[in-house]
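In the UniProt record's numbering, the protein residues as written are 1 to 326. What follows is a short report on a single structure.
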């Protein structure tokens, strides 16, 4: 089969399209003929040999990719034959997704609902699952004024729609006129460009005396700090990433003096009683019924380097995927 291989840490051009042996499913595993593979911003950092949070650079050579969708073509020992031929989406523990075939543990495999495309299913089990978890922590309602950072992105867009559906007033912040226009089209009541140095003052003016009660921050750095300072007394600040390279700086004095709560909303904090499978099932249902569908940008498998470059330059919004089979 053909796959993307990384032999040396470095720029996107180090991703090579090569012939490799077909994988074989082991005990409790299935082999999937991949239709679509997901691409994540974290993978661009790992490709450079950088650690990010709990994620450490892989042992080289490697085939990147943490999620795939396609058709089960083979099953390993202990897996029922009824899985053969089923359309599934799966999360891969050790990479291997940027390929024509991938092996996944059956416990991480989910049937794709009827009518849902492979690309949308991949977006659902990553972006959609994360969105479901963060929103479960946020508990937004009609009393809220919600400030969404990076509101034109995959997660941000879902947050804007969900906050609007909850009846909240929504402020969406993004970079550049085109992205601000997208945020407005998503339904945000206020859309601001963080490239304008005075964007916090413009938010205050637009809210006419009201203050954000909740901030959903996946940007971090100086922009995240500006968002924190817009939060009203008693507000809640939910962190779910730091695309700027550093998490938002928050001190105990911020929490005490302004009666704020701050939560890292990723990981155990966002997992319901039913665990990760419940979150994933919610995300797949929401994608299938159209209530939470992520935007998708697709590249051919052979152009994985271009997909990485687009992610790193913020040239694309929504979930980036690699198309393997039509």
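Ideal placement from N, C-alpha and C gives every residue a C-beta, glycine not left out. This one's a predicted model, so the numbers in the text were calculated from it and none came from an experiment.
Worksheet entry | Per DSSP, the bridge partner or partners of residue 264 | 239
Worksheet entry | For residue 135, the three-state DSSP class (helix, strand or coil) | Residue 135 sits in a helix when the DSSP states are folded into three classes.
Worksheet entry | Assigned exposure category for residue 29 - 16 Cβ within 10 Å defines buried | buried
Worksheet item: Is the Cβ-Cβ distance between residue 65 and residue 155 less than 8 Å?
Response: no
Discussion item. Quick check on DSSP: helix, strand or coil for residue 72?
Written reply: In this structure, residue 72 counts as strand in the three-state DSSP scheme.
Discussion item. Would residue 75 and residue 83 be called neighbours here (beta carbons separated by less than 8 Å)?
Written reply: yes
Item to complete: Go to residue 177, then tell me how far its alpha helix (DSSP H) extends in each direction, as first and last residue.
Response: 177 to 186
Discussion item. Does the CB of residue 284 have a neighbour CB from chain D at under 8 Å?
Written reply: The structure shown contains no chain D, having only a single protein chain.
Worksheet item: The alpha helix (DSSP H) spanning residue 254 covers which residue range?
Response: 252 to 258 is the extent of the alpha helix (DSSP H) around residue 254.
Worksheet item: Should residue 313 go down as buried or exposed, given a rule of 16 or more other Cβ atoms within 10 Å for buried?
Response: exposed
Discussion item. Going by DSSP in three states, residue 28 sits in which element: helix, strand or coil?
Written reply: coil
Practice prompt. Out of 96, 40, 56, point me to the one whose CA is closest to residue 2's CA.
Written response: 96
Discussion item. Which of the three DSSP states is assigned to residue 172 in this structure?
Written reply: strand
Item to complete: Would you mind sorting residue 94 into buried or exposed? The rule is 16 or more other CB atoms within 10 Å of its CB.
Response: exposed
Worksheet entry | Span of the beta strand (DSSP E) around residue 231 | Taken as a continuous stretch (DSSP letters only), residue 231 belongs to no beta strand (DSSP E), as it is neither H nor E.
Worksheet item: When the Cα atoms are used, what is the spatial distance from residue 44 to residue 311?
Response: Rounded to the nearest angstrom, the two C-alpha atoms are 8 Å apart.
Practice prompt. Below 7 Å CB to CB, which residues in the same chain sit around residue 321 once its five sequence neighbours on both sides are set aside?
Written response: 36, 37, 38, 39, 119, 122, 296, 298
Worksheet item: Which value, in whole angstroms, describes the spacing of the CA atoms of residue 7 and residue 250?
Response: Looking at the two C-alpha atoms, the distance is approximately 39 Å.
Item to complete: Provide the residue(s) that pair with residue 111 in DSSP beta bridges, ordered along the chain.
Response: 88
Worksheet entry | Sub-8 Å separation of residue 126 and residue 99 beta-carbons | no
Fill in: Best match in 165, 167, 293, 193 for proximity to residue 178 [C-alpha to C-alpha]
If we check each option's Cα against that of residue 178, 193 comes out closest.
Worksheet item: In three-state terms, what does DSSP make of residue 16?
Response: strand
Worksheet item: So what's residue 211 in DSSP terms, helix, strand or just coil?
Response: coil
Discussion item. Please state whether the Cβ-Cβ distance between residue 49 and residue 9 is less than 8 Å.
Written reply: yes
Practice prompt. Could you tell me which residues DSSP pairs with residue 300 in its beta bridges?
Written response: Answer is 323.
Discussion item. Suppose contacts are defined by Cβ-Cβ distances below 8 Å. Is residue 134 in contact with residue 240 by that definition?
Written reply: In this structure, residue 240 lies closer than 8 Å to residue 134 by Cβ.
Worksheet item: Exposed or buried, what is residue 23 when buried is set at 16 or more other beta-carbons lying within 10 Å of its beta-carbon?
Response: buried
Worksheet entry | For residue 104 and residue 34, believed in contact at Cβ under 8 Å, the rounded distance | No, residue 34 and residue 104 are not in contact; Cβ-Cβ is about 10 Å, not under 8 Å.
Worksheet item: Counting pairs of Cβ atoms below 8 Å between the segment 228 to 247 and the segment 259 to 274, do you hit three or more?
Response: Verdict: yes, contact present.
Worksheet item: Going straight from the alpha carbon of residue 153 to that of residue 318, what length do you get?
Response: 5 Å
Discussion item. Please tell me whether residue 124 and residue 279 are closer than 8 Å, where the distance is taken between their beta carbons.
Written reply: no
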